[in-house]
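> Numbering (this note's numbering), first residue to last: 1 to 554. Using N, Cα and C, we set each Cβ at its ideal position, and we do this for glycine too. Sending over a structure as structure tokens; questions will come in a sec.
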Amino acid sequence: SLRTGTNDPELQLNANYRYKGVDFFASAKEWRYTTHQWSDLGQWTSDPTTGEELFRYGGTLDYKWRGIGTHLNTGFNWQINDNHSLGAKVDYSVTTDADTRERLDMTKYDHGTLSETVKSDGTKWSDRPDNILANAYYNGNAGKLNIDFNTDVYINNDNTHQSTKEIATADNREVESVSTSKNQMVATKLVLTYPIAKGMLSIGTEETFVRRDNDDRSTGTGLPDARSKVKDDTYAAFVQYAMALGDNTHITAGLRYEHAGFDYRDCIDAANNLHRSYNNLFPSAAVSTAFGKVRLSLNYASRTQRPSFWQLNNSMQYHNRYVVQQGNATLKPSTKHTVGITAMYSLLTVGANYSRFNDLVCNWSEQMNDEGMIRVSYKNIDRPQRQLNLFAVATRTWGCYTPSWTVAYVKQWLTLDFDNGRRSFGRPMWVFNANNAFRFAHDWQLEANSEFHSKANYSNVELINNYWSMETVVQKSLLKDKSLTLRLSWQDMFRKGNNDVYIDYGSYNIFQTNKMDFNRLVFTVRYNFNAARSKYKGTGAGQDARNRIGSSSR
Numbered sequence: 001s002l003r004t005g006t007n008d009p010e011l012q013l014n015a016n017y018r019y020k021g022v023d024f025f026a027s028a029k030e031w032r033y034t035t036h037q038w039s040d041l042g043q044w045t046s047d048p049t050t051g052e053e054l055f056r057y058g059g060t061l062d063y064k065w066r067g068i069g070t071h072l073n074t075g076f077n078w079q080i081n082d083n084h085s086l087g088a089k090v091d092y093s094v095t096t097d098a099d100t101r102e103r104l105d106m107t108k109y110d111h112g113t114l115s116e117t118v119k120s121d122g123t124k125w126s127d128r129p130d131n132i133l134a135n136a137y138y139n140g141n142a143g144k145l146n147i148d149f150n151t152d153v154y155i156n157n158d159n160t161h162q163s164t165k166e167i168a169t170a171d172n173r174e175v176e177s178v179s180t181s182k183n184q185m186v187a188t189k190l191v192l193t194y195p196i197a198k199g200m201l202s203i204g205t206e207e208t209f210v211r212r213d214n215d216d217r218s219t220g221t222g223l224p225d226a227r228s229k230v231k232d233d234t235y236a237a238f239v240q241y242a243m244a245l246g247d248n249t250h251i252t253a254g255l256r257y258e259h260a261g262f263d264y265r266d267c268i269d270a271a272n273n274l275h276r277s278y279n280n281l282f283p284s285a286a287v288s289t290a291f292g293k294v295r296l297s298l299n300y301a302s303r304t305q306r307p308s309f310w311q312l313n314n315s316m317q318y319h320n321r322y323v324v325q326q327g328n329a330t331l332k333p334s335t336k337h338t339v340g341i342t343a344m345y346s347l348l349t350v351g352a353n354y355s356r357f358n359d360l361v362c363n364w365s366e367q368m369n370d371e372g373m374i375r376v377s378y379k380n381i382d383r384p385q386r387q388l389n390l391f392a393v394a395t396r397t398w399g400c401y402t403p404s405w406t407v408a409y410v411k412q413w414l415t416l417d418f419d420n421g422r423r424s425f426g427r428p429m430w431v432f433n434a435n436n437a438f439r440f441a442h443d444w445q446l447e448a449n450s451e452f453h454s455k456a457n458y459s460n461v462e463l464i465n466n467y468w469s470m471e472t473v474v475q476k477s478l479l480k481d482k483s484l485t486l487r488l489s490w491q492d493m494f495r496k497g498n499n500d501v502y503i504d505y506g507s508y509n510i511f512q513t514n515k516m517d518f519n520r521l522v523f524t525v526r527y528n529f530n531a532a533r534s535k536y537k538g539t540g541a542g543q544d545a546r547n548r549i550g551s552s553s554r
């Protein structure tokens, strides 16, 4: 890190042993990573009727995170013959040592008069959080019928401690909290494919079963303890038919049915128990064809986006004496409908996508008491959010030079009703990405890559600065078979890779500037010998549920 001087070593070893039709493989990675963030904070609370300022807060945040961990993977693949293969693998990742330091200095103004200053020093640490993911698969043919079966088991555990000391002009506090979560997921997916007429018919099912236990306890905050159990089951059936009309035209149509059940049990207050079930149909269709040298494709897709499990957790998390965060177990899934068009000609690809989100999950806030404490949570928006994406990508090689340039325009239409009126969030974002590679004699390669996006709105968040990150790379391959590669990259060269944000919650608003620890030198040594391509055909099941659970270890 060129900002802090810290070093983050990482070592990974991958091995594969093949005997006839059987592969045994394994990998091991040991890593250490740190991150540092510096922020200026501002918060305002106003009377929703008159607009008069009630409370104003200002301060600085110094955030540090350090982690050390291990990632192990092992498995086998058996290619029985040309028609049958099966395999299994296990991934295990654990953070063996990690801690977070947060130093927060804040001042509070009550109706324009300085009323309090607070210096907060907090530490968070976890007791070896880990994840285990096991996959087994079978892929085979019975005549013309192809059978693809996958089953996954995912186990995730985390036990986080927080200790915070606050020194204030009014009263000092010592906050202690423990948050424990245990997640288990079992998922299966079966896909049967059979040729019919000029196309392929695919039918299948996918089942996902999640169990989650959560326990949150704290002292010194005045917040209630919380214990909950979640049962989340999803059953899906789908069918898809793809066919070719001549040499240039391909058509695909599909339909997916989902039945989802969600049970939330509050182990302290049964009045908060909740049961919900959902039944949805999601159609999809795509067609691609060629007109001379132009390749054109049209597509439509619909799908559900379910809230993450931490968003569905009703427990309150203490940030500081002015802000707490709480999930919302009553959140409903949102649905997304997207229609798109893409055209390709020579070096150029252009396209457009239009999406509509129903029941969008959005950050929300409300004032908890007369002292100005704010609770930040989530809610479904009763108005649809619409979004338009336009993009153009150009890629070509001229001699030693290969550029890949992207230009995109992202525009949302979103209107929200706050406690102090209605506001629209429609500032568009411009994106300019330019990757440039130069390949010279003797296996030298130079790169200059940049990423830019402009000020914009996404949801009720406003990005109030332009983000720009520049990276340069020099790479050299060695040995006769080029099996040894040395790569040196200089990331975020000009330290412009920061996002400053303004979040509008109606009568409560947040302003935050951020300086991130992205300015780094990364040196990589990679050596491959007797390399073998993986024959593992496992594709997994329950990916959406795993994403909703998240990872407790990097």
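Can you confirm whether the stretch 75 to 84 touches the stretch 136 to 154 when touching is taken to mean that 3 or more C-beta pairs between the two stretches lie within less than 8 Å?
Touching, per the Cβ criterion.
> I need the DSSP call for A170, collapsed to helix, strand or coil.
Reduced to three states, the DSSP call for A170 is coil.
> Report the residue from N77, T6, T4, D8 whose alpha carbon sits nearest the alpha carbon of L25.
It should be pointed out that residue 25 corresponds to Phe in this sequence rather than to Leu. Cα-wise, what sits closest to F25 is N77.
> Considering only the beta carbon of each residue, do P283 and Y264 sit closer than 9 Å?
No. Outside cutoff.
> Put H111 into one of helix, strand or coil per three-state DSSP.
H111: coil per DSSP, three-state reduction.
> According to DSSP, simplified to helix, strand and coil, what is R103?
Strand at R103.
> Since D40 is in the beta strand (DSSP E), which residue starts that stretch and which ends it?
Segment 22 to 46, the beta strand (DSSP E) holding D40.
> Among F209, T205, V191, E174, which has the Cα closest to the Cα of N183?
Looking at the Cα atoms, F209 is the closest of the given residues.
> Please list the segments of the beta strand (DSSP E) lying wholly inside the stretch 420 to 484, counting only runs of 3 or more residues, in order along the chain.
Runs found: 421 to 424, 429 to 440, 444 to 453, 456 to 458, 461 to 463, 467 to 478.
> If I'm right that M493 touches T472 with Cβ under 8 Å, what's the distance once you round it to whole angstroms?
Between T472 and M493 the Cβ distance is about 6 Å, and since that is below 8 Å, they are a contact.
> For I268, name the three-state secondary structure that DSSP assigns.
Coil.
> Near F149, which residues of its chain fall below 6 Å by C-beta distance, leaving aside the five closest residues on each side in sequence?
Counting only Cβ-Cβ distances below 6 Å, and skipping sequence neighbours, we find Y138, L190.
> Applying the 10 Å Cβ sphere with the 16-neighbour rule, what's the burial state of K293?
It counts as exposed.
> What would DSSP say about E279, mapped onto helix, strand or coil?
The sequence as given places Asn at residue 279; Glu does not occur at that position. Looking at N279 - three-state DSSP - the assignment turns out to be strand.
> List in chain order: all unbroken alpha helix (DSSP H) runs of 4+ residues lying wholly within the stretch 320 to 381.
Listed in chain order, there is nothing to give.
> Mark N248 as exposed unless 16 or more other C-beta atoms lie within 10 angstroms of its C-beta, in which case mark it buried.
With fewer than 16 other Cβ atoms within 10 Å, it is exposed.
> Check whether the Cβ atoms of L41 and F511 lie closer than 9 Å to each other.
Yes, these two residues count as a Cβ contact at 9 Å.
> Find the nearest neighbour of I268 within the set A285, N353, S315, F523, judged by alpha-carbon distance.
Answer by Cα proximity: S315.
> If N433 and S450 are in contact, beta carbons under 8 Å, what's the gap, nearest whole angstrom?
Their Cβ separation, rounded to whole angstroms, is 7 Å, which keeps N433 and S450 in contact under 8 Å.
> Going along the chain, which residues of its own chain have a beta-carbon closer than 6 Å to the beta-carbon of N389, five neighbours each way excluded?
Excluding sequence neighbours, N389 sits near N353, V410.
> In this structure, does DSSP put Q311 in helix, strand or coil?
Coil.
> With distance defined between alpha-carbon atoms, name the residue in R56, V474, G426 nearest to A456.
The shortest C-alpha separation from A456 is found at G426.
> Going by alpha carbons, who is nearest to W44 out of G69, S202, E366?
Comparing Cα-Cα distances from W44 to each of G69, S202, E366, the minimum goes to E366.
> Contact check, T151 vs T188 under 8 Å by CB: the rounded distance?
The pair is a contact, with the Cβ atoms about 5 Å apart (cut-off 8 Å).
> Per DSSP, what kind of secondary structure is N547 in: helix, strand or coil?
In the structure shown, N547 sits in a helix (DSSP, three-state: H, G or I).
> From W364 to V461, what does the alpha carbon distance come to, in whole angstroms?
So the two alpha carbons sit approximately 11 Å from each other.
> Does the beta-carbon of G69 have 16 or more other beta-carbons within 10 angstroms, so that it is buried, or is it exposed?
Its Cβ being crowded by 16 or more others within 10 Å, G69 is buried.
> For the beta strand (DSSP E) holding S553, just list the boundary residues, first then last.
Looking at the DSSP string, S553 is not in any beta strand (DSSP E), and its letter there is neither H nor E.
> Given a threshold of 16 other Cβ atoms within 10 Å of its Cβ, counted over all protein chains shown, does D517 qualify as buried or as exposed?
That one is buried.
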